[in-house]
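Student: This is the structure, below, for whatever I ask next.
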Ligand SMILES: [Zn+2]
Ligand SMILES: [Zn+2]
Ligand SMILES: [Zn+2]
Ligand SMILES: [Zn+2]
Ligand SMILES: [Zn+2]
Ligand SMILES: [Zn+2]
Ligand SMILES: [Zn+2]
Ligand SMILES: [Zn+2]
């Protein structure tokens, strides 16, 4: 994650000012949603005349799926700063109207960015959506991370998407809509799309879930790389129990010496269900409880209050026999 920082001034007080984000999904390059690298497009001559933007772009989105895209239409002059725009490779390539040319050159990315400023995503209901369902007459648009999160079918060979309602059309694609494990189409809504190789896998065939955070940026067992250093050795890779993303034990902060035997959760997925605190480690070396779902403070509070009447329990009495409600 320090790569992102290295082209910035090391100034913690203004962390967002120099971080480049995608003009479609509004995430930075390092993202858990599998959009690939951030590419710059342009300069586009028609945007040279734009005056510097008076309204700056909003803060980039984060690992949270609810922060993809834009809540208000972003200012074009800010998106085309110096007539150049930045878009993730996958966000651009799947966009309606964008053409993939030889040597990975893309055409019409600027047009996609402009149309995205007016288009809501079917999944997150925010602006910047440019990937349209391929079914005739369907007007649903998605951000790239949201297309996977929504459970749409994605074809990597043909670069198109079928929304959940039109997913049955995928059967006509034959082998493309095929699970790499059981070698059949099976339940199409259960297929996960690998953002690395484009193959599909049934969640059930891999014995994992198919929640939105698992689907977004999902990588198959063969393609799974560390989210911190990306390529690298695949030994000592921890896989998050909640989002199925991989992390090296030695890339974590603090690093771990060995693979834990219990289910493990990543930084993003450790959230206290009581107070909302999150993080790989808690302040003051506090511990996580309940499979990283309750922080130590709330756990202590829990164990000192009765689970039925929420009144403080008599510390000398065991929890199951609270004196107030029994
Ligand atoms: Zn993007
Ligand atoms: Zn979206
Ligand atoms: Zn559709
Ligand atoms: Zn299968
Ligand atoms: Zn793969
Ligand atoms: Zn790593
Ligand atoms: Zn996770
Ligand atoms: Zn808590």
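Numbering (the UniProt record's numbering), first residue to last: 1 to 326. Built from N, CA and C at the ideal position, the CB exists for glycine as well.
Considering only residues of the UniProt domain "PHD-type" (220-272), which uninterrupted beta strand (DSSP E) runs meet the minimum length of 3 residues and lie entirely inside it, listed in chain order?
Tutor: Entirely contained in the UniProt domain "PHD-type" (220-272), the beta strand (DSSP E) runs reaching 3 residues are, in chain order, 237-239 and 246-248.
Student: Is residue 149 near ligand 7, going by C-beta to nearest heavy atom under 6 Å?
Tutor: Sequence index remark: in the chain shown, residue 149 carries index 149 (1-based). No, the beta carbon of residue 149 sits no closer than 6 Å to any heavy atom of ligand 7.
Student: Are three or more beta carbon pairs between the segment 48-58 and the segment 107-122 nearer than 8 Å?
Tutor: Short answer: they don't touch.
Student: Rank 285, 55 and 293 by C-alpha distance to the C-alpha of residue 276 and give the top, closest one.
Tutor: For the purposes of this step, residue 276 is identified with residue 276 of the chain shown, where counting begins at 1. With distances taken between Cα atoms, residue 276 lies closest to 293.
Student: Pull the bridge partners of residue 71 from the DSSP assignment, please.
Tutor: In the chain shown, counting from the first residue as 1, residue 71 sits at position 71. Its beta-bridge partners do not exist; DSSP assigns none.
Student: What does a CB cutoff of less than 6 Å around residue 89 pick up in its chain, not counting 5 residues either side in sequence?
Tutor: Residue numbering aside, residue 89 sits at position 89 when the chain shown is read from its first letter. Answer for residue 89: 36, 37 and 39, listed in chain order.
Student: Which residues count as close to ligand 2 when the rule is a CB under 5 Å from any of its heavy atoms, in chain order?
Tutor: Listed along the chain, these residues meet the criterion: 68, 121, 123, 124, 143 and 146.
Student: Closer than 6 Å: is that where the CB of residue 182 sits relative to any heavy atom of ligand 4?
Tutor: For the purposes of this step, residue 182 is taken as the residue at position 182 of the chain shown. Yes, Cβ of residue 182 sits closer than 6 Å to a heavy atom of ligand 4.
Student: Measuring CB to CB, does residue 332 end up less than 7 Å from residue 134?
Tutor: Within the shown structure, residues of the chain are numbered from 1 to 326, placing residue 332 beyond reach of any answer.
Student: Of the residues 243, 224 and 273, which one's Cα is nearest the Cα of residue 235?
Tutor: Counting from 1 along the chain shown, the entry for residue 235 is found at position 235. Checking every option, the nearest Cα to that of residue 235 belongs to 224.
Student: Please list, in chain order, all residues of the same chain as residue 140 whose beta carbon is under 6 Å from its beta carbon, the five residues on each side excluded.
Tutor: Taking the chain shown and counting its residues from 1, one reaches residue 140 at position 140. For residue 140, where only same-chain residues beyond five positions count, the Cβ hits under 6 Å are 122, 133 and 163.
Student: For the alpha helix (DSSP H) containing residue 304, list its first residue and its last residue.
Tutor: Position 304 of the chain shown, counting from 1, holds the residue named residue 304. Where residue 304 is concerned, the enclosing alpha helix (DSSP H) stretches over 296-304.
Student: Using a Cβ-Cβ cutoff of less than 7 Å, which residues in the same chain neighbour residue 196 once the five nearest sequence positions on both sides are dropped?
Tutor: Counting from 1 along the chain shown, the entry for residue 196 is found at position 196. Counting only Cβ-Cβ distances below 7 Å, and skipping sequence neighbours, we find 219, 220 and 223.
Student: At the level of alpha carbons, what is the spacing between residue 298 and residue 280?
Tutor: Locating residue 298 in the chain shown gives position 298, where the first residue counts as 1. Locating residue 280 in the chain shown gives position 280, where the first residue counts as 1. Rounded to whole angstroms, residue 298 to residue 280 spans 17 Å at the Cα level.
Student: Output the distance between the C-alpha atoms of residue 266 and residue 99, rounded to the nearest integer angstrom.
Tutor: The residue given as residue 266 occupies position 266 in the chain shown. The residue given as residue 99 occupies position 99 in the chain shown. If I take the Cα positions, the gap works out to 36 Å.
Student: Can you check DSSP and say which residues form a bridge with residue 132?
Tutor: By one-based count along the chain shown, residue 132 stands at place 132. Per DSSP, 141.
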